[in-house]
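Presented below is the structure to which this report refers.
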Ligand SMILES: Cc1ncc(COP(=O)(O)O)c(C=O)c1O
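Residue numbers (the numbering used here): 1462 to 1879.
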């Protein structure tokens, strides 16, 4: 799929936007066939969790190559279900990288356990296995690794670490649907893997989430958990003419509806095209920024397939006479819906007040946070919009570039020679 022409071949048409229109950082892509799938369910007897959710779970499990998939109402519920299924509770610690959406750590807090922040690798911005190993102690029960921006985690090292210390490895793969590491698709590697179908993600169900696992018992616990902890689901009730059910544990209502699952099935079929276009745009950005001295481009190791959820560049602040926020503000003024992913979780007020976390805890994440900007990236972007992003970023950066010491010296020497 190459921009507007390629996507037209597939019957999906990039939106036409006027040059002045704000280009958002992410946006869903819904077609008429997605809408038709949803309408079909609206005309059927089941609206909430029913046969279409089953079909969505099976299709999703097959796509990532995992034995079980459990659909829930959003990615946060997926993380909560994973933490619940592992029976995490007070006194337990879970290692988490700080460069993530707060939900990753919040899910641990929901269970009364404690998230322990371990720093990231400065090149990949992924959880650094050396940093996580340092934080392991007798209370550690699990590690959550985040496939930040769509780049698969250091799964080999983290799996060995988890096995060595008897920990469960959870992947927050909300950025990485479709990514591949070591020949395996993300979602089939960690013990539990969580996904989100928020509209800015690779595919959407409006709101929605999924957990994949190879462990049948954990999958069954999560299915109960999403349905108040009760033992009987819609299939058993219709099979066994009974009113009886039991609530075995305290669950929640985290159900996905058949309406959403229909959209999920339809979107999943288009995921390869969505991924292809995301990867194509990311490569165009890579090339455009590769030799810019004021930009530190993203780093992608050769052996993985990046799912390109976010395109995050870092500013070489030493070359600029302003900070990130100033550049960010000017990009917004110029019509780019840039974003920042993320303020390290432990710097949020809630964490500071309740867990006593302070700046300096993970210096690599803080340094990256101060330099990063997320550029618009979504499959429906036109080639013109991609070029507009590149031109605007370069123009704004050039405004604030200062000469390096070497350049100043070179100029000074030349001037003296005159
Ligand atoms: C890394 C990460 N984890 C968890 C979530 C939570 O997903 P949801 O918004 O579907 O609850 C998100 C969504 O933004 C995310 O990016």
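Note that beta-carbon positions come from the ideal geometry of N, C-alpha and C, so glycine has one too. Remember, it's a predicted structure, so these values are computed and weren't measured experimentally.
Between 1555, 1548 and 1564, which has its C-alpha nearest residue 1540's C-alpha?
The option with the nearest alpha carbon to residue 1540 is 1564.
Residues bridged to residue 1670 by DSSP?
Paired residue(s): 1533 and 1657.
Is residue 1491 helix, strand or coil when you go by DSSP?
Here residue 1491 sits in coil by DSSP.
Give, in chain order, every unbroken run of the beta strand (DSSP E) that is at least 3 residues long and sits entirely within the segment 1615–1661.
Correct list: 1629–1633 and 1653–1657.
Touch check for the segment 1711–1725 and the segment 1574–1589: three-plus C-beta pairs under 8 Å?
They do not touch, by the three-pair rule.
Is residue 1838 near residue 1739, with beta carbons less than 8 Å apart?
Taking 8 Å as the cut-off, the Cβ atoms of residue 1838 and residue 1739 count as close.
Return yes when at least one heavy atom of ligand 1 lies under 7 Å from the C-beta of residue 1722, else no.
Residue 1722 Cβ: outside cutoff for every heavy atom of ligand 1.
Going by DSSP, which residues form a beta bridge with residue 1836?
DSSP lists 1772 as partners of residue 1836.
For ligand 1, I want to know if residue 1614 counts as a neighbour, meaning its beta carbon is within less than 7 Å of at least one of the ligand's heavy atoms.
Because no heavy atom of ligand 1 lies under 7 Å away, the Cβ of residue 1614 does not count as near it: no.
Might you give, ordered along the chain, the residues of its own chain that have their beta carbon closer than 6 Å to the beta carbon of residue 1576, omitting 5 neighbours on each side?
Only 1555, 1557, 1566 and 1569 meet the Cβ criterion.
How is residue 1602 classed by DSSP in three states: helix, strand or coil?
DSSP places residue 1602 in strand when its eight states are reduced to three.
For the segment 1781–1788 against the segment 1658–1673, are there 3 or more C-beta pairs whose distance is under 8 Å?
No: fewer than three Cβ pairs fall under 8 Å.
Residues near residue 1859 by beta carbon distance below 6 Å, same chain, minus five either side:
In the same chain as residue 1859, and ignoring 5 residues on each side of it, no C-beta atom comes closer than 6 Å to its own.
How is the alpha helix (DSSP H) around residue 1788 delimited, first residue to last?
Unbroken alpha helix (DSSP H) run through residue 1788: 1785–1794.
Own chain partners of residue 1525 with C-beta closer than 6 Å, once the 5 adjacent residues on each side are dropped:
Around residue 1525, the same chain offers 1646, 1648, 1649 and 1673 as residues with beta carbons nearer than 6 Å, after the five sequence neighbours per side are excluded.
Which of the three DSSP states is assigned to residue 1575 in this structure?
Looking at residue 1575 - three-state DSSP - the assignment turns out to be strand.
Give every residue of the same chain whose Cβ lies closer than 8 Å to the Cβ of residue 1574, excluding the five residues on either side of it in the sequence, and list them in chain order.
These residues qualify, in order along the chain: 1544, 1549, 1550, 1551, 1552, 1553, 1554, 1555 and 1602.
When the Cβ atoms of the segment 1498–1507 are set against those of the segment 1678–1693, are three or more pairs found closer than 8 Å?
Judged by Cβ distances under 8 Å, the segment 1498–1507 makes no contact with the segment 1678–1693, as fewer than three pairs qualify.
Please report the residue range of the alpha helix (DSSP H) in which residue 1858 lies.
Residue 1858: member of the alpha helix (DSSP H) spanning 1844–1860, first to last residue.
Measure the CB-CB distance between residue 1663 and residue 1638 and report whether it falls below 8 Å.
For residue 1663 and residue 1638, yes; Cβs fall inside 8 Å.
How do the segment 1723–1734 and the segment 1507–1525 stand: do at least 3 beta-carbon pairs fall below 8 Å, yes or no?
Taking a cut-off of 8 Å on C-beta distances, the segment 1723–1734 touches the segment 1507–1525, as three or more cross pairs fall below it.
For ligand 1, I want to know if residue 1625 counts as a neighbour, meaning its beta carbon is within less than 7 Å of at least one of the ligand's heavy atoms.
Outside the cutoff, so no.
Terminal residues of the continuous beta strand (DSSP E) containing residue 1557?
Going by DSSP, residue 1557 is part of the beta strand (DSSP E) stretching over 1554–1557.
To which residues of the same chain is residue 1735 closer than 7 Å at the C-beta, ignoring the five residues directly before and after it?
Excluding its 5 nearest sequence neighbours in each direction, residue 1735 has C-beta neighbours in its own chain below 7 Å: 1490, 1663, 1664 and 1840, listed in chain order.
Would residue 1758 and residue 1774 be called neighbours here (beta carbons separated by less than 8 Å)?
The answer is yes: Cβ separation under 8 Å.
For residue 1764, the three-state DSSP class (helix, strand or coil):
Correct three-state label for residue 1764: coil.
If you measure between the beta carbons of residue 1517 and residue 1538, is that distance less than 8 Å?
Not in contact: residue 1517 and residue 1538 (Cβ atoms no closer than 8 Å).
Could you tell me the distance, in whole angstroms, from the CA atom of residue 1687 to the CA atom of residue 1851?
The straight-line gap from Cα to Cα measures roughly 43 Å.
Are the CB atoms of residue 1562 and residue 1715 within a distance shorter than 8 Å?
Not in contact: residue 1715 and residue 1562 (Cβ atoms no closer than 8 Å).
Rounded Cβ spacing between residue 1799 and residue 1792 (contact assumed at less than 8 Å):
A Cβ-Cβ distance of about 5 Å is found for the pair residue 1799 and residue 1792, placing them in contact under the 8 Å criterion.
Compute the distance between the beta-carbons of residue 1809 and residue 1636, then report whether it is under 8 Å.
No, these two residues do not count as a Cβ contact at 8 Å.
Is residue 1844 close to chain D? Criterion is C-beta to C-beta, closer than 8 Å.
Structure shown: chain D not included; a single protein chain is present.
Could you compute how far the alpha carbon of residue 1829 sits from the alpha carbon of residue 1494?
If I take the Cα positions, the gap works out to 41 Å.
Considering only DSSP beta bridges, list what residue 1607 is partnered with.
Answer by DSSP bridge pairing, in chain order: 1633.
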